[in-house]
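Written below as structure tokens is the structure these notes are about.
Protein chains: 2
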Amino acid sequence: MLLHPEEIARPLPKEDPRAVHILKVLRRQIGDTFDVGRINGPRGKATLVAINTENLELTYTWSAKPPPADPLTLIIGLPRPQTARKILQEAATLGVAALHFVITERGESSYAQSTLWKSEEWQRHLQAGVAQAFCTRIPEVTHGQTLQTTIATLPADSARIALDNYEGTAALSKCHQAGDTSVAIALGAERGWSPKERDLLRQSGFTIAHLGERVLRLETAVTAAVAIIKAQRGLM
Amino acid sequence: MLLHPEEIARPLPKEDPRAVHILKVLRRQIGDTFDVGRINGPRGKATLVAINTENLELTYTWSAKPPPADPLTLIIGLPRPQTARKILQEAATLGVAALHFVITERGESSYAQSTLWKSEEWQRHLQAGVAQAFCTRIPEVTHGQTLQTTIATLPADSARIALDNYEGTAALSKCHQAGDTSVAIALGAERGWSPKERDLLRQSGFTIAHLGERVLRLETAVTAAVAIIKAQRGLM
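Protein chains in written order, with the numbering used here: chain P, 1 to 236; chain W, 237 to 472.
Pasting the structure below:
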């Protein structure tokens, strides 16, 4: 269970989904403990002290901060909201440092207007993914920027790989050196990159790679690419 | 779109989901063509010849069979049906040779009674996954066997790795030699392996490995593990 720093000092309202989870799924009773994390802070244990009419009283003991995120940035053509939800959660579970959902020429511009992005919903998917991993570090996320603007924010020495079903000439695992300090991986949306975007990626130092001959769903490609890079670093 | 061999000779009923997809999603009209595959047979092109009151008439031209599946077998503790659906589809898209969903001590035996397994539904998820990959080869699937029975069916020279959050001492990528002819990967269900199952796995030649410190959902672990093995073979 993840908590914002400002939530630590006050009781947890009973209608909060986390309170429901504590009582109904974890079935904790007064005196019981469970794992907890402070968003971008330490992990710890919570103890259920009292169950009141309107809220739960909890006490906390904090231990160490989790290790830093892997220096892995994903740049993803803004996909349909249902796909973005899965990617937000999976990438947060896998522990990337940043996720940038960019406007692409072949993407649907209406996707940027989804309630996923207009409300705080996208943050909930990130938190669920981070909590699944027993971590507290929320990846940095942007959405709706251009590809060019986003590339300009990458560290100069970052390794850069763009995945492309059509023009990738080598497998991802052959393109990446395990020693690189940070890595950015760009994945197009459902309809892929435009010729102009491919030019921009190449001019910006991206190697165009592929994940094999089989056509993967975008969320599958994200998980596969992150796993391959993490394995090359000995982390998986 | 995938077809059973016996469906090739007859018109496609209009209420069939594939017919709906051809007309409503692909928006094909008379004379148009689209990609098609014969299950476990060749890929090809279909041409829409006529739209009748009750069915579509199609003609086919066939090309080569897709390459054989990677010699990769997954053994998975029978998970909740919603998780099994995702794994059936993802593993079929990624192109594994076989998937065995086994009864485990910590699994819920009621999962084996789901309509997913009692009806033909599980086959539909496999076909959707294979079609996504523009392939025709359906992985071999068993469900409800014991771990021991399933291990006994593995080739004697197959590399064997079991994933375990608790007792894995090395990362998956460090345990596997790219030259192995075939690989079996075992993943426990939501609650993991029992001590007895770990003993059986070790006695059967499995190396116990992990995918890092972060706790992944089972379907994420499946995609990550398959991607890492495929990358070591230069396929991703």
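Glycine is no exception: its CB is placed at the ideal position from the N, C-alpha and C atoms.
It should be emphasised that the depicted structure is a prediction, and the values quoted were computed from it without experimental measurement.
Q.
Can you pull the chain P neighbours of W:M472, defined as C-beta to C-beta under 7 Å?
A. Here residue 472 of chain W corresponds to residue number 236 of the second sequence, with the count starting at 1. Neighbourhood of W:M472 in chain P, by CB distance below 7 Å: A171, L172, S173, L211, G212, A224 and I228, in chain order.
Q. For the segment 354-371 of chain W against the segment 413-426 of chain W, are there 3 or more C-beta pairs whose distance is under 8 Å?
A. Using a Cβ-Cβ distance cut-off of 8 Å, the segment 354-371 of chain W and the segment 413-426 of chain W are not in contact, since fewer than three pairs of beta carbons, one from each stretch, lie closer than that value.
Q. DSSP beta-bridge partners for P:Q47?
A. On the first sequence, position 47 is the one that residue 47 of chain P refers to. In the sequence as presented, Gln is not what sits at residue 47 of chain P; that position holds Thr. P:T47 is bridged to P:T33 and P:T59.
**Q.** Expected contact under 8 Å - CB spacing of W:T294 and W:L284 to nearest Å
**A.** Position 58 of the second sequence holds residue 294 of chain W. Position 48 of the second sequence holds residue 284 of chain W. According to the sequence provided, residue 294 of chain W is Leu. The question's Thr does not apply to it. The Cβ separation is near 6 Å, so the contact holds.
Q. Mapping DSSP to helix, strand and coil, what is P:I288?
A. The structure shown does not extend to residue 288 of chain P, since chain P is modelled only from 1 through 236, so no value can be given for it.
(Q) By the DSSP assignment, the beta strand (DSSP E) with W:R183 in it spans what residues? (A) Nothing can be reported for residue 183 of chain W, as the shown portion of chain W is limited to 237 through 472.
Q: Check whether the Cβ of W:A467 lies closer than 7 Å to any Cβ atom in chain P.
A: Within the second sequence, the letter at position 231 stands for residue 467 of chain W. Interface residue, yes.
Q: Would you kindly check if the distance between the Cβ of W:T378 and the Cβ of W:H336 is under 7 Å?
A: Position 100 of the second sequence, counted from the first residue, corresponds to residue 336 of chain W. Position 142 of the second sequence, counted from the first residue, corresponds to residue 378 of chain W. Taking 7 Å as the Cβ cut-off, W:H336 and W:T378 qualify as a contacting pair.
(Q) Between P:A112, P:L94, P:I51 and P:P66, which has its C-alpha nearest P:Q82's C-alpha? (A) Walking along the first sequence from the start, residue 82 of chain P turns up at place 82. Of the listed residues, the one whose Cα sits closest to P:Q82 is P:A112.
**Q.** CB contact flag (P:G205, P:R233, <7 Å)
**A.** By one-based count along the first sequence, residue 205 of chain P stands at place 205. By one-based count along the first sequence, residue 233 of chain P stands at place 233. The answer is no: Cβ separation not under 7 Å.
Q) Do the segment 454-464 of chain W and the segment 217-233 of chain P touch if we need at least three Cβ pairs shorter than 8 Å? A) The segment 454-464 of chain W makes contact with the segment 217-233 of chain P; the number of CB pairs closer than 8 Å reaches 3 or more.
Q. For the segment 351-374 of chain W, which residues have a beta carbon sitting closer than 7 Å to at least one beta carbon of chain P?
A. Cβ contacts with chain P come from Q368, A369, F370 and C371.
Q. Would you report the Cα separation of P:P66 and W:S299, rounded to the nearest angstrom?
A. Taking the first residue of the first sequence as 1, we reach residue 66 of chain P at position 66. Taking the first residue of the second sequence as 1, we reach residue 299 of chain W at position 63. Roughly 53 Å separates the two Cα atoms.
Q: Please look up how many angstroms separate the CB atoms of P:D164 and P:G188, rounded, as I've assumed it's under 8 Å.
A: Sequence index remark: in the first sequence, residue 164 of chain P carries index 164 (1-based). Sequence index remark: in the first sequence, residue 188 of chain P carries index 188 (1-based). Contact flag correct, Cβ pair sits at about 7 Å.
Q. Going by the CB atoms, is the gap between P:A209 and P:A170 shorter than 7 Å?
A. The count along the first sequence starts at 1 and reaches residue 170 of chain P at position 170. The count along the first sequence starts at 1 and reaches residue 209 of chain P at position 209. For P:A170 and P:A209, yes; Cβs fall inside 7 Å.
Q. For a contact meaning CB atoms closer than 7 Å, what does P:E90 contact in chain W?
A. Mapped onto the first sequence, residue 90 of chain P falls at position 90. Identification of chain W residues near P:E90 by a Cβ-Cβ cut-off of 7 Å yields T456, ordered along the chain.
Q) Hey, quick one: how far does the alpha helix (DSSP H) through P:D70 stretch, first residue to last? A) Against the first sequence, residue 70 of chain P aligns to sequence position 70. Note, P:D70: premise wrong, no alpha helix (DSSP H); beta strand (DSSP E) at D70 to G77.
Q) For W:E376, does the three-state DSSP call read helix, strand or coil? A) In the second sequence, residue 376 of chain W corresponds to position 140, counting from 1. DSSP places W:E376 in strand when its eight states are reduced to three.
Q: Identify which residue in P:L12, P:A69 and P:M1 has its Cα closest to the Cα of P:S182.
A: Mapped onto the first sequence, residue 182 of chain P falls at position 182. Out of P:L12, P:A69 and P:M1, the CA that lies nearest to the CA of P:S182 is found in P:A69.
Q) Applying a beta-carbon distance threshold of less than 7 Å, which residues of chain P neighbour W:G331? A) In the second sequence, the residue the question calls residue 331 of chain W occupies position 95. One finds R214 in chain P with Cβ atoms closer than 7 Å to the Cβ of W:G331, taken in chain order.
Q | Those residues which DSSP pairs with P:T207 across a bridge | A | Here residue 207 of chain P corresponds to residue number 207 of the first sequence, with the count starting at 1. In DSSP, P:T207 forms a bridge with P:I161.
Q) Who are the Cβ neighbours of P:L126 in its own chain at under 6 Å, not counting the five residues just before and after it? A) Stepping through the first sequence from its first residue, residue 126 of chain P is reached at position 126. In its chain, beyond the 5 residues on either side, L88, A92 and I138 have a beta carbon closer than 6 Å to the beta carbon of P:L126.
(Q) Suppose you measure from the CA of P:P5 to the CA of W:R279; what does that come to, to the nearest Å? (A) Numbered from 1 along the first sequence, position 5 holds the residue referred to as residue 5 of chain P. Numbered from 1 along the second sequence, position 43 holds the residue referred to as residue 279 of chain W. Spanning the alpha carbons of P:P5 and W:R279 requires a straight line of approximately 56 Å.
**Q.** Delimiting residues of the alpha helix (DSSP H) encompassing P:V226
**A.** In the first sequence, residue 226 of chain P corresponds to position 226, counting from 1. In the DSSP assignment, P:V226 falls within the alpha helix (DSSP H) that extends over L218 to Q232.
Q: Work out the CA separation of W:L314 and P:L72 for me, nearest whole Å.
A: Here residue 72 of chain P is taken as the residue at index 72 of the first sequence, counted from 1. Here residue 314 of chain W is taken as the residue at index 78 of the second sequence, counted from 1. Distance from the CA atom of P:L72 to the CA atom of W:L314, rounded to whole angstroms, is 33 Å.
Q | Separation of P:W193 from W:R246, as counted between CA atoms | A | Along the second sequence, read from residue 1 onward, the residue named residue 246 of chain W stands at position 10. Along the first sequence, read from residue 1 onward, the residue named residue 193 of chain P stands at position 193. Roughly 39 Å between the two C-alpha positions.
Q: State the CB to CB distance for the pair P:A186 and P:A162, rounded to an integer number of angstroms; the pair is presumed to be in contact (CB under 8 Å).
A: Looking up residue 186 of chain P in the first sequence gives position 186. Looking up residue 162 of chain P in the first sequence gives position 162. That belief holds up - the Cβ atoms of P:A186 and P:A162 are roughly 4 Å apart, short of 8 Å.
Q | Among W:T289, W:Q359 and W:A320, nearest to W:E344 - alpha-carbon criterion | A | Your numbering for residue 344 of chain W matches position 108 in the second sequence. Taking only the C-alpha atoms, the option nearest W:E344 is W:A320.
Q: Just the C-alpha distance for P:L172 and P:L201, rounded to the nearest angstrom, thanks.
A: Taking the first residue of the first sequence as 1, we reach residue 172 of chain P at position 172. Taking the first residue of the first sequence as 1, we reach residue 201 of chain P at position 201. Spanning the two alpha carbons is a distance of roughly 15 Å.
Q. Can you give the Cα-Cα distance for P:R106 and P:L211, rounded to whole angstroms?
A. To locate residue 106 of chain P, count along the first sequence from 1; it is residue 106. To locate residue 211 of chain P, count along the first sequence from 1; it is residue 211. Those two C-alpha atoms are separated by around 21 Å.
Q | Expected contact under 8 Å - CB spacing of W:K281 and W:D268 to nearest Å | A | Translated into the one-based positions of the second sequence, residue 281 of chain W becomes position 45. Translated into the one-based positions of the second sequence, residue 268 of chain W becomes position 32. Wrong, their Cβ atoms sit about 10 Å apart, outside the cutoff.
Q. Secondary structure at P:L268, three-state DSSP: helix, strand or coil?
A. No information on residue 268 of chain P is available, as it lies outside the stretch 1 to 236 that chain P covers here.
(Q) Taking DSSP's pairing of strands, which residues face W:I421 in a bridge? (A) Counted from its first residue, the second sequence places residue 421 of chain W at position 185. Checking the DSSP bridge columns, you'll see W:I421 partnered with W:L310 and W:I397.
Q | Residue closest to W:N291, alpha-carbon to alpha-carbon, out of W:R274, W:I258 and W:A364 | A | Along the second sequence, one-based indexing puts residue 291 of chain W at 55. Nearest to W:N291 by C-alpha distance, out of W:R274, W:I258 and W:A364, is W:I258.
Q.
Less than 7 Å between the C-beta atoms of W:K322 and W:E426, yes or no?
A. The count along the second sequence starts at 1 and reaches residue 322 of chain W at position 86. The count along the second sequence starts at 1 and reaches residue 426 of chain W at position 190. Taking 7 Å as the cut-off, the Cβ atoms of W:K322 and W:E426 do not count as close.
**Q.** DSSP state of W:L248 mapped onto helix, strand, coil
**A.** For the purposes of this step, residue 248 of chain W is taken as the residue at position 12 of the second sequence. Of the three classes helix, strand and coil, the one that applies to W:L248 here is strand, per DSSP.
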